[in-house]
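Read the structure below first, then the notes.
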Ligand SMILES: Nc1ncnc2c1ncn2[C@@H]1O[C@H](COP(=O)(O)OP(=O)(O)OP(=O)(O)O)[C@@H](O)[C@H]1O
Ligand SMILES: [Mg+2]
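Residue numbers (the working numbering): 10 to 251.
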């Protein structure tokens, strides 16, 4: 579903992605972990063309993301993206927030798009909040609206960049539960996360990044019990003692 081939990227003189290779098969869940500044966000942002690249190629379901001929709106419809900050439209209700892209981008009739928005919101535990505005919701509720909004486009895969790191601890679980449910439904996903327990539980593979490189890719049980590189051992020693 996702193929990253020899991708390099620099910001000015700083090379932040160094010849990255990664393959994510359909219906698999990959977690990207690693120290701050490793290039995790940059890598995931290249996957839906939020960042350009200088070398290599990324294919999503066979479509080359950075090819000038690629229809970027079509690609973004196929690739759901959920960030740390939810970026909902403050003047639209939850239903309107979820329905707006299908209406505007996919030309789905309003009634149909809003019906589907209500279904998605209900499935994420927001059945009581159809008429609420983002400012009336908790952070965890807003993030679930953001997930519903991405799902409303019927994406082929979902990318998450630290979806819980802006949330209070008591709200993290409800968002992780929503992502867990998606994983169980067979959605292909890449999740940048600092939640090691969560990564361990739901992911097929852990991708450990440091200094712009993928240092290790391994199933969670293997990665957490027997990391191969010094860099990963060092990282785990720091994060797991908390
Ligand atoms: N728009 C930008 N302009 C210049 N440098 C950038 C930009 N975005 C990221 N960088 C730099 O690229 C490097 C990788 O950043 P990135 O955000 O991908 O790291 P990260 O692994 O997601 O870190 P964190 O865990 O803190 O989110 C960092 O050194 C960062 O300062
Ligand atoms: Mg980041």
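All C-beta atoms, glycine included, are put in the ideal place defined by N, C-alpha and C.
Contact test: residue i Cβ vs ligand 1 heavy atom, cutoff 7 Å
i: residue 12; result: no
i: residue 134; result: no
Residue i beta carbon near ligand 3 (any heavy atom closer than 7 Å)
i: residue 204; result: In the structure shown, ligand 3 is absent; the only ligands present are ligand 1 and ligand 2.
Residue nearest to residue i in terms of C-alpha spacing, selected from the options
i: residue 10; options: 167, 204, 193; result: 167
i: residue 176; options: 12, 95, 233; result: 95
i: residue 227; options: 208, 243, 221; result: 208
i: residue 240; options: 52, 155, 225; result: 225
i: residue 23; options: 51, 174, 31; result: 51
i: residue 205; options: 18, 120, 248; result: 248
i: residue 218; options: 100, 131, 123, 238; result: 238
i: residue 164; options: 59, 85, 20, 75; result: 85
i: residue 133; options: 153, 124, 145; result: 153
i: residue 70; options: 83, 124, 59; result: 83
i: residue 220; options: 141, 130, 27; result: 27
i: residue 75; options: 14, 142, 213, 246; result: 14
heavy atom of ligand 2 below 7 Å from residue i C-beta
i: residue 201; result: yes
i: residue 124; result: no
i: residue 171; result: yes
Inter-residue CB distance, residue i and residue j (contact presumed, cutoff 8 Å)
i: residue 223; j: residue 29; result: 6 Å
i: residue 55; j: residue 67; result: 6 Å
i: residue 178; j: residue 91; result: At roughly 19 Å, the Cβ-Cβ gap does not stay under 8 Å, so residue 178 and residue 91 are not in contact.
i: residue 16; j: residue 64; result: 7 Å
Chain B within 8 Å of residue i, Cβ atoms only
i: residue 130; result: The chain labelled as chain B is not found in the depicted structure, where only one protein chain is given.
Checklist entry - Can we say the stretch 112-119 touches the stretch 149-157, given the rule of at least three CB pairs closer than 8 Å? => result no
Checklist entry - Okay, do the stretch 103-113 and the stretch 186-194 touch, 3+ Cβ pairs below 8 Å being the bar? => result no
Item to check | Stretch-stretch touch, CB-based, cutoff 8 Å, three pairs: the stretch 192-203 with the stretch 35-47 | outcome: yes
Checklist entry - Pairing CB atoms from the stretch 40-49 with CB atoms from the stretch 152-162, are three or more of them under 8 Å? => result no
Item to check | Contact set, ligand 1 heavy atom to C-beta under 5 Å | outcome: 20, 25, 45, 46, 47, 48, 49, 50, 51
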